[in-house]
Amino acid sequence: MKLKNVLDHAGVVLYNFVVTQVPSHNVRVGFLRAFGAEIGADSAVFRGTTVLGIRQLKIGEACVVSFRCLLDARGGLTIGNNVVIASDTQFITAHHEPNSDDFAAVTTPTVIEDSVWIASRSTILGGITVGKGAVVGACSLVRKSVEAMDIVAGVPAEVRGQRTSSLDYRPKYRPLFF
Numbered sequence: 397m398k399l400k401n402v403l404d405h406a407g408v409v410l411y412n413f414v415v416t417q418v419p420s421h422n423v424r425v426g427f428l429r430a431f432g433a434e435i436g437a438d439s440a441v442f443r444g445t446t447v448l449g450i451r452q453l454k455i456g457e458a459c460v461v462s463f464r465c466l467l468d469a470r471g472g473l474t475i476g477n478n479v480v481i482a483s484d485t486q487f488i489t490a491h492h493e494p495n496s497d498d499f500a501a502v503t504t505p506t507v508i509e510d511s512v513w514i515a516s517r518s519t520i521l522g523g524i525t526v527g528k529g530a531v532v533g534a535c536s537l538v539r540k541s542v543e544a545m546d547i548v549a550g551v552p553a554e555v556r557g558q559r560t561s562s563l564d565y566r567p568k569y570r571p572l573f574f
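Below is the structure:
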């Protein structure tokens, strides 16, 4: 195994078993940056969040990734600016091809554009884009791309309405010890 791969794997293991529990946003975000993630100013990653594929993770400015999320960035995960991701949300960018003779791994990138709100316990699958200003309702399964300003919810997620906000906000939520 190449040294770079060993270091990447060590970073993932160390982050997911130790650093994710350290009660400091600066330590968690600093560690992710040191191992190759791109994370903008004023962004926070709360305790208990698991990260896979640290080098393929890009988070914009003033984003909040709340408690116990799964950021599977192995296929590429890009999160825009001013995004709020509520607790227990999962991003899955890798899976296995069930009809493959060798159960081949498949990775596909996911893009979350600016000013999106993803409510608790949602699952976002790989290969999709959630458009600017969209809202994903709690416990939703997003299997296809979501248009800008759409409000989607359900399993699978379906359009339930349209957002009319001017999107003039910058969430900067970094409580001490969270």
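In our numbering, the protein residues as written are 397 to 574.
Ideal Cβ placement from N, Cα and C applies to all residues, glycine included.
Fair warning: this is a prediction, and the values are worked out from it, not measured in the lab.
Please report the distance separating the alpha-carbon of residue i from that of residue j.
i: Asp-510; j: Val-460; result: 12 Å
i: Leu-453; j: Gly-432; result: 8 Å
i: Gly-456; j: Val-409; result: 24 Å
i: His-421; j: Arg-570; result: 7 Å
i: Leu-467; j: Ile-481; result: 11 Å
i: Glu-554; j: Arg-443; result: 30 Å
i: Arg-464; j: Arg-556; result: 27 Å
i: Pro-567; j: Ala-515; result: 15 Å
i: Val-402; j: Leu-448; result: 14 Å
i: Asp-446; j: Ser-561; result: For the record, residue 446 in the displayed sequence is Thr; it is not Asp. Taking the straight line from one Cα to the other gives about 31 Å.
i: His-492; j: Val-423; result: 33 Å
Decide if residue i is buried, meaning its Cβ has at least 16 other Cβ atoms within 10 Å, or exposed.
i: Phe-427; result: buried
i: Ser-458; result: The amino acid at residue 458 is misidentified as Ser; the sequence shows Ala. Per the 10 Å Cβ criterion, buried.
i: Ala-501; result: exposed
i: Val-414; result: exposed
i: Ala-549; result: buried
i: Asp-484; result: buried
i: Leu-563; result: exposed
i: Cys-411; result: Per the sequence presented here, residue 411 reads as Tyr, with Cys not at that position. It is buried - the Cβ of Tyr-411 has at least 16 other Cβ atoms within 10 Å.
i: Asn-477; result: buried
i: Ser-462; result: buried
Within a Cβ cutoff of 8 Å, which residues of the same chain sit near residue i, ignoring the five residues on either side of it in sequence?
i: Val-425; result: Ile-435, Ser-439, Ala-440, Val-441
i: Ile-488; result: Leu-466, Asp-468, Thr-519, Ile-520, Leu-521, Gly-522
Which same chain residues end up closer than 6 Å to residue i when comparing Cβ atoms and leaving out the 5 residues on each side of it in sequence?
i: Pro-505; result: Gly-471, Gly-472
i: Met-545; result: Gly-529, Gln-558, Arg-559
i: Phe-573; result: Pro-419
i: Pro-494; result: none
Residues in the same chain with beta-carbon distance under 7 Å from residue i, minus the five sequence neighbours each way, listed in chain order, please.
i: Gly-407; result: Phe-431, Ile-450
i: Pro-552; result: Leu-537, Arg-539
I'd like the ranges of any alpha helix (DSSP H) spanning at least 4 consecutive residues and lying wholly in the stretch 509 to 567. none
Quick check: the stretch 539 to 547 against the stretch 505 to 525, are there 3 or more CB pairs under 8 Å? yes
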